[in-house]
Amino acid sequence: MSKKLIAVASAAALALAALVAVPASATTITSVEIVDSAGVTANAASHSSSTSAVVAATSMTSRTLDFNSTSSTTRNVVRFVVTAASATTISVSSTGSVKLSADVNDADGAALSITTGGTSLSKAVITGSLSYTFYAYNTSTTAGTVVIETPGSKNTYYVKGVATLAYNLVGVTFPSSILSGETAGNTNKNVVYFQITDAYGNSVTSGATATLAGTGGTFSGAAVYSSTRKRWEANVSGTTEANVAMSVTLTTTDLSANGFAEPVDYAYSSVSAGSLAAQVTALTAQVAALKADYNALAAKWNKRVASKTAPKKAVATK
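Position in the sequence shown (from 1) plus 3 gives the number in our numbering.
The following block contains the structure:
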């Protein structure tokens with residue numbers, strides 16, 4: 004075969020490969036409209052990274068899907084409206100904890116449960132109706148993705164949940180001893196610290212009310228979140244009492260009727276206060292007093308034994 008024929012054959016093969024790689028039906032996505040708590044974002048490139056993930060207005064405490072068209076404050080899902088350039092199939096998939104749903108209500112108008120969501124959807128759009136509407140939601144505050152594809156386009160958007168209700172006290176740590184003279188600063192030895200999560204286990208770092216109270220000491224009251232130590236903190240201080248009782252109470256709403264476990268909203272502990280040396284001295288004095296009382300009783304008993312007025316043997320003193 005001549006070099007000229009080889010060149011012609013190679014060019015024909017490349018042209019054929021190009022035709023196979025870009026089919027005539029490679030319809031592109033012309034717009035993606037995202038409706039969240041902030042309103043409508045057209046061609047939403049601003050949500051194409053995990054640090055700029057789109058969020059709904061509130062968390063899914065009802066365990067049902069909500070996209071109220073007249074009030075954005077109750078929305079716990081994000082609505083996507085995808086428009087293609089021409090008739091095609093629009094496919095949607097999700098990663099992470101993101102779930103997808105073609106609707107928020109069933110055929111009777113009742114809100115769908117969060118358990119009905121899946122990780123893939125698709126719809127064939129036709130001329131005259133080239134848009135596809137679906138909903139996405141995430142019960143985790145860690146962003147996941149929504150991937151929208153047609154034969155000629157692939158768009159990725161990030162969606163994350165929001166923690167709006169403090170629900171559980173986690174890892175409450177009380178001091179093992181209370182020292183008198185300590186200040187109420189959050190770095191001293193008398194600190195009480197813990198984490199707070201929502202009903203889905205997401206960390207809550209603001210907007211929660213957890214209160215330290217008790218008897219036998221001075222208590223700081225409402226806990227404060229430390230962005231340095233990454234924990235909620237409160238203090239008991241300035242006590243000279245023999246014992247201190249402490250409790251932490253979290254203000255929350257019981258969502259067990261919605262299918263969650265009951266909240267963990269209370270923790271309690273009691274410890275001895277003052278210096279260890281003072282406690283040892285006090286206990287030693289108590290033991291000495293008990294020993295003296297015993298020896299006095301033993302002496303009286305032994306005296307009766309010696310005088311034959313007691314039928315038993317004498318006892319040894321301590």
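Ideal Cβ positions, reconstructed from N, Cα and C, are used throughout, including at glycine.
Boundaries for N205: no beta strand (DSSP E) harbours it, and the DSSP string shows neither H nor E there. Per DSSP, T119 is not a residue of any beta strand (DSSP E), being assigned neither H nor E. When DSSP states are grouped into helix, strand and coil, V173 belongs to the strand group. For D296, the secondary structure class from DSSP, reduced to helix, strand or coil, is helix.
Excluding its 5 nearest sequence neighbours in each direction, A211 has C-beta neighbours in its own chain below 6 angstroms: A169 and I199, listed in chain order. Pairing K192 with F177, the inter-Cα distance amounts to about 10 angstroms. Rounded to whole angstroms, the separation of the alpha carbons of V274 and S179 is 6 angstroms.
Secondary structure at N238: strand, using DSSP grouped into helix, strand and coil.
Listed in chain order, the non-local C-beta contacts of T44 below 6 angstroms within the same chain comprise I37, local neighbours out to five positions each way being set aside. In terms of Cα proximity to V227, the closest of V195, A202, M249 and A248 is V195. If you ignore the 5 residues before and after S143, its C-beta comes within less than 6 angstroms of the C-beta of S100 and G164, all in its own chain and listed in chain order. Nearest to S96 by alpha-carbon distance, out of S72, S125, A225 and A317, is S125. The continuous beta strand (DSSP E) containing V81 extends over residues V81 to A87. Taking each of L115, S206, S116 and M63 in turn and checking the Cα distance to G174, the smallest one comes out for S206.
Counting only residues of its own chain and dropping the five nearest sequence neighbours on each side, N108 has a CB closer than 7 angstroms to the CB of A114 and L115.
Boundaries for F70: no beta strand (DSSP E) harbours it, and the DSSP string shows neither H nor E there. The C-alpha of R82 lies about 53 angstroms from the C-alpha of I181.
A straight-line Cα-Cα distance of about 34 angstroms links R66 and S272. Exclusion of the five residues before and after K294 leaves K321 as the residues of its chain whose Cβ lies within less than 6 angstroms of its Cβ.
Residues of the same chain with their beta carbon placed closer than 7 angstroms to that of S230 are lacking, with the five preceding and five following residues left out of the count. Contact check for N171 against G204 passes: the beta carbons are separated by less than 9 angstroms.
The C-beta distance from L258 to T64 rounds to 6 angstroms, short enough to fall under 8 angstroms.
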